[in-house]
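S.K.: Residue numbering for the sequence shown follows my numbering, starting at 2 and increasing by one per position. Backbone N, C-alpha and C define an ideal beta-carbon position, used for all residues, glycine too.
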Amino acid sequence: MSFQNVGTYNAGVFTPKAAGPAPVGGVPVMDADGIASGGAFLVSELEKRDPLIRKPLTSFTYPRDIVIQTGGGWVDYVSAMSVAYGITGGAVNSPVTAGGANGIPVVQASVDKGVYKAHVFAAALRVMFQDMQRANYIGRSLDNLLQDGVRMAYDKHMDANGYVGIGDYGTTGLVNNPDATETTAVNGAKGTAAWATKTPQEILKDVNDAITSVWAANEYDETAVPNHILIPYEQYNYILTTMVTDLATETIYDFLLKNNAAAKNGGSLFIGATRWCKGAGTGDKDRMVVYVNHERFVKMDELVPMSRIMSAPNVANVCYDTAYMANLSEVQIFYPTSILYVDGI
2 MSFQNVGTYN
12 AGVFTPKAAG
22 PAPVGGVPVM
32 DADGIASGGA
42 FLVSELEKRD
52 PLIRKPLTSF
62 TYPRDIVIQT
72 GGGWVDYVSA
82 MSVAYGITGG
92 AVNSPVTAGG
102 ANGIPVVQAS
112 VDKGVYKAHV
122 FAAALRVMFQ
132 DMQRANYIGR
142 SLDNLLQDGV
152 RMAYDKHMDA
162 NGYVGIGDYG
172 TTGLVNNPDA
182 TETTAVNGAK
192 GTAAWATKTP
202 QEILKDVNDA
212 ITSVWAANEY
222 DETAVPNHIL
232 IPYEQYNYIL
242 TTMVTDLATE
252 TIYDFLLKNN
262 AAAKNGGSLF
272 IGATRWCKGA
282 GTGDKDRMVV
292 YVNHERFVKM
302 DELVPMSRIM
312 SAPNVANVCY
322 DTAYMANLSE
332 VQIFYPTSIL
342 YVDGI
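#1: Which residue wins for smallest C-alpha separation from T185, given the options A81, G100, A211 and N294?
#2: Quick one: is W75 buried, meaning 16 or more other Cβ sit within 10 Å of its Cβ, or exposed?
#3: Just to confirm the assignment, what range does the alpha helix (DSSP H) spanning K259 have?
#4: Give me whichever residues DSSP pairs with K300 in a beta bridge.
#5: Which of the three DSSP states is assigned to H295 in this structure?
#6: Does DSSP put E223 in a helix, a strand or coil?
#7: When the Cα of T193 is compared with those of V215, K279 and K286, which residue comes out closest?
#8: So within the stretch 59 to 116, which uninterrupted alpha helix (DSSP H) runs reach at least 4 residues, ignoring any that extend past its ends?
#9: How long is the line joining the alpha carbons of A20 and M159, rounded to whole angstroms?
#10: Note down, in chain order, each residue of its chain lying with its Cβ closer than 6 Å to the Cβ of V108, except the 5 sequence neighbours on either side.
#11: Which class does V316 belong to by DSSP, given the choice of helix, strand or coil?
#12: Going by C-alpha distance, which of K300, R55 and G273 is nearest G150?
#13: Taking the alpha carbon of A327 as the reference point, which residue from G73, E235 and D207 has its own alpha carbon closest?
#14: Buried or exposed, going by whether 16 or more other CB atoms sit within 10 Å of the CB of F4?
#15: Given a cut-off of 9 Å on the beta-carbon distance, is the pair I230 and W196 in contact?
#16: If S308 and Y325 are in contact, beta carbons under 8 Å, what's the gap, nearest whole angstrom?
#17: Any contact of the stretch 294 to 302 with the stretch 329 to 339, i.e. 3+ C-beta pairs under 8 Å?
#18: Quick check: the Cα distance between A181 and V290, rounded to an integer number of angstroms?
#19: Does Y138 pass the burial test, meaning 16 or more other C-beta atoms within 10 Å, or should it be called exposed?
#20: Could you compute how far the alpha carbon of G115 sits from the alpha carbon of P179?
#21: Closer than 7 Å by C-beta to D156: which residues in its own chain qualify, once you throw out the five before and the five after it? Chain order, please.
#22: Once the 5 residues before and after V93 are set aside, which same chain residues still bring their CB inside 7 Å of it?
#23: In the structure shown, what three-state DSSP assignment does V128 receive?
#24: Please report the distance separating the alpha-carbon of L341 from that of L126.
#25: How is R276 classed by DSSP in three states: helix, strand or coil?
#26: Suppose you measure from the CA of R135 to the CA of L146; what does that come to, to the nearest Å?
#27: Rounded C-beta distance between D207 and I346? I'm assuming under 8 Å.
#28: Can you give the Cα-Cα distance for G166 and A274, rounded to whole angstroms?
#29: Just how far apart, CA to CA, sit G168 and N228?
Set out below in C-alpha cells:
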C-alpha cells in the first residue's frame, strides 16, 4: 500500500488587530466643549476597567479519549509491527502425536509492518513593535496573549486530528475510521432507535450488544474488553439527567455503569461525550463509538510537542516574529476489531 505524505499544516499568523478609532457608541466621544470643561479628564478618571480579557469559548477532549505518546523527532511516518502465528494442520488435532509418528507440526510466524502518516503543524506569532511598547506601558503582555491563541489553535487541530483526521490529506480519526465495523442501533418498543425514545433496559442492551460484539471479534481476549464509549452531548445529557424510573434515585448513566458487560467481567467502562459523534454516522445519524482505549490498540503520536522554534526581529514590518511547530501522527488503530460504530442512537 502506498502512503501519501501529509506534509505541513499551516495554522497561519497570529497578530493583534491594528489600533483604530473607537466605534461610535462604544466609548464616549468628547466634543471641544466637553474637553474644555475637563470632561475628558473626568471620564478617564471615573472609568472602571475590567482586567479580565474574555477569550473565545471552546472545548477539546482529545487527551481524554486517546493515548498520546511523546517523542520520535521530525519523521515522515510512524511504523508498527504485528505478528500472526500458524501451525501445520491447525492447533486442535495436528499437535496430537504418538510413539510411531515420524513428524511433528511446525509453528510459523508472519510478521507485518503498518505505516502511519505524520505531519507538521506550524504557526507564527507576530507582535508589532509599537503595540508591544503600548502593551508594556499598560502592564499587559501581547506575547502571552498571542501564545494563548497559538495554543488554542494547536488544541483545536489536535482535537480534529484525533477524532476525524484531516480530510485534505486523507487521514481519519476515532469516529470515522474506514476499517472499523459499522452497525445500526436496533429499534426500541416505540419503533425508533433513538435513545430519547428508549427505556433504560433498551439503552443498556445497545451498550452491552456493542461491548460483547467487539469482545467476540477480539477472540474474547480478557485485555480486549471495550472500556471506552463516546456519544454525542445530547444523548450524554439525556442519560445523565433521566432517572431509571419515576421513583428511582438512580440515573440511566449510573445504571449503565453498574450493569454493563465490561464491569460484570471485572473491567471498567467510561462513557463520555464529544461533539464529533454528532451526525458522524451514515446518513448523518448520531454515532456511538465503542473501543478499547489502550496504547496497544489505539494511540496517536506527538512526535515533537508544540515548541517555540525560533524568534527574530522583522525590520521590514517593524515587528517580532516567532515560529511554533510540532510533528504529529495520524490516529493509529492497530486492531480494527477493537472498535465498533453504532449509528442511529
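M.R.: Straight from the coordinates:
#1: A211
#2: The Cβ neighbour count for W75, taken over all protein chains shown within 10 Å, is under 16; the residue is labelled exposed.
#3: I253 to N260
#4: V68 and Q333
#5: coil
#6: Helix.
#7: Closest in alpha carbon position to T193, among V215, K279 and K286, is K286.
#8: 63 to 66
#9: Low per-residue confidence applies at A20: pLDDT is 47, beneath 50, and the placement is therefore not dependable, though the value from the model is reported in the following sentence. Approximately 32 Å between the Cα atoms of the pair.
#10: I88
#11: coil
#12: R55
#13: G73
#14: Interpretation of F4 is limited by its pLDDT of 48, a score under 50 that renders its predicted location unreliable; no figure is taken from the coordinates.
#15: no
#16: 7 Å
#17: yes
#18: 10 Å
#19: exposed
#20: Each residue's alpha carbon lies about 15 Å from the other.
#21: F61, listed in sequence order.
#22: none
#23: Note: V128 maps to strand in three-state DSSP.
#24: 41 Å
#25: helix
#26: 14 Å
#27: 7 Å
#28: About 18 Å.
#29: C-alpha separation (whole angstroms): 28 Å.
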